[in-house]
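These notes concern the structure reproduced below.
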Amino acid sequence: MLHIENLSVSYGSIHAVRKLSLQVEEGEVVTLIGSNGAGKTTTVNAICGTIPSKGTIHYRGKNMSGLPTHQIVREGIVMVPEGRRVFPKLTVVQNLMMGAYTRKASPLELQKDIEAIYQLFPRLLERKAQLAGTMSGGEQQMLAIGRAIMSKPKLLILDEPSMGLAPIVVKDIFDTIQKIKQQGITILLIEQNATKALSVADRGYVLENGEISFHDTAENLRSQDRIKKAYLGH
Numbered sequence: 001m002l003h004i005e006n007l008s009v010s011y012g013s014i015h016a017v018r019k020l021s022l023q024v025e026e027g028e029v030v031t032l033i034g035s036n037g038a039g040k041t042t043t044v045n046a047i048c049g050t051i052p053s054k055g056t057i058h059y060r061g062k063n064m065s066g067l068p069t070h071q072i073v074r075e076g077i078v079m080v081p082e083g084r085r086v087f088p089k090l091t092v093v094q095n096l097m098m099g100a101y102t103r104k105a106s107p108l109e110l111q112k113d114i115e116a117i118y119q120l121f122p123r124l125l126e127r128k129a130q131l132a133g134t135m136s137g138g139e140q141q142m143l144a145i146g147r148a149i150m151s152k153p154k155l156l157i158l159d160e161p162s163m164g165l166a167p168i169v170v171k172d173i174f175d176t177i178q179k180i181k182q183q184g185i186t187i188l189l190i191e192q193n194a195t196k197a198l199s200v201a202d203r204g205y206v207l208e209n210g211e212i213s214f215h216d217t218a219e220n221l222r223s224q225d226r227i228k229k230a231y232l233g234h
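So this is what it looks like as structure tokens:
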């Protein structure tokens, strides 16, 4: 589905990502793990067209390099950004409707989709009239994911979904990621919490200093001593 070859991103003389190559096949959860500053968010920003890059990005056989972000969203790639970035002065329902802005759908269809989001996140139903800016961090993360799903993504990119959340909320978020996968949505998961990421992923890439240092199945990565020592707290 997503095939990236020799992706490079520089900020002046700083090489944030160097000749990165990765693949995400349809139906997979693939995680990109690494420490803070390794280049994870830079990588997904390049995929989504928000920063310039070199190399090739093919999605479903189409070259996406150089396409504007709104066109990339219409092609089916949708990102939940780091830090959630909900619209704070809009209600939960209004935020969810914003997620569907690229779609041509009837009000009845949109309402059915919103009801499906409430099934996934019952807390959002309780908060549907509340301003997003007054919600907790965990609730905002649920809303950000729900808003992205309203775009009907084929590839959902989650950038640091556990950042700043309490452990019990992190568990709920990762349980939801598994439910989203069961709905047939392919996921590229960017995460510092390698233990959680590898628990839901099919495959993983380890990014260090802007370069891929390891790539294997999630199960094999969990068993490698270097990965355990560096990222899994063993």
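The sequence shown runs 1 to 234 under UniProt numbering.
No residue lacks a Cβ here, since even glycine has one placed at the ideal position from N, Cα and C.
Query: Where R85 falls, given that 16 or more other Cβ within 10 Å makes a residue buried; Result: exposed
Query: Cα-Cα separation between H234 and K228, rounded to whole angstroms; Result: Unreliable positioning characterises H234 in this predicted model, as indicated by a pLDDT of 48, which lies under 50. The coordinate reading is nonetheless provided below. One C-alpha to the other measures close to 5 Å.
Query: CB-CB length for Q192 against N36, believed under 8 Å; Result: 6 Å
Query: Whole-angstrom distance between I14 and K179, CA atom to CA atom; Result: 39 Å
Query: Through-space distance from P88 to A132, alpha-carbon basis; Result: 5 Å
Query: Rounded straight-line distance, which links the Cα of T186 to that of K54; Result: 24 Å
Query: Pairwise C-alpha distance: L2 and H58; Result: 6 Å
Query: Cβ neighbours of T69 in the same chain (closer than 8 Å, five flanking residues each side left out); Result: C48, G49, T50
Query: Paired residues, beta bridge with L189 - DSSP; Result: T31, L158
Query: Same chain, Cβ closer than 8 Å to N6, five either side skipped, listed in chain order; Result: K19, L20, S21, K54, G55, T56
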